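Visitor: Per this note's numbering, residue 5 is the first one in the sequence shown, and the count goes up by one each step.
Before I ask anything, let me first share the structure, which is written out below as structure tokens.
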Amino acid sequence: MKNRFFLLVAIVSIQALALQAQDQTFSQFYTQPQFLNPALTGSMNSNFRVAANYRDQWRGLLEKPYQTYATSLDLRWNLGLRGKAHQDAVAVGMYFYTDRVPSLDFVAT
């Protein structure tokens, strides 16, 4: 049992070395609530929400600037009786983004 635990810790540690992450930075981050917290999916007073963000950075310094695109969609189905102020609901959402720096040959999706 001790050997299996050690093996599991070793595998997770080795895989963590290959992970890369980059935070997205938008001026209007509040338009993408799923980016802020995935639990905000469906937290709206309508049946669906679509949002899109675009960021273009360092256009004056780089020949091909740093670009970030993000799109989100979430749907909400009310389960309770209509007309009630507080209803139970089920929601599903999707979030897509891409970061591109063509001059550095960097793409994160």
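In this text, a Cβ means the ideal position worked out from N, Cα and C, and glycines have one as well.
This one's a predicted model, so the numbers in the text were calculated from it and none came from an experiment.
Once DSSP output is grouped into helix, strand and coil, what is the label at residue 35?
Guide: helix
Visitor: How far does the beta strand (DSSP E) with residue 82 in it reach, from first residue to last?
Guide: 70-82
Visitor: Give every residue of the same chain whose Cβ lies closer than 7 angstroms to the Cβ of residue 32, excluding the five residues on either side of it in the sequence, and list them in chain order.
Guide: Excluding residues within five positions, the ones whose Cβ falls inside 7 angstroms are 57.
Visitor: Report all residues from its chain with a CB closer than 8 angstroms to the CB of residue 40; omit the five preceding and five following residues, and keep chain order.
Guide: Sequence-distant partners of residue 40 (beyond 5 residues in either direction) whose C-beta falls short of 8 angstroms from its own C-beta, in its chain, are 33 and 34.
Visitor: Measure the CB-CB distance between residue 70 and residue 105 and report whether it falls below 9 angstroms.
Guide: Less than 9 angstroms divides the Cβ of residue 70 from the Cβ of residue 105.
Visitor: Whole-angstrom Cβ separation of residue 29 and residue 97, contact assumed at under 8 angstroms?
Guide: Not confirmed; about 21 angstroms, so no contact.
Visitor: Which of the three DSSP states is assigned to residue 127 in this structure?
Guide: In the structure displayed, the chain extends from 5 to 113; residue 127 sits before or after that span and is not available.
Visitor: Among 107, 80, 13 and 102, which one has its Cα closest to the Cα of residue 72?
Guide: 102
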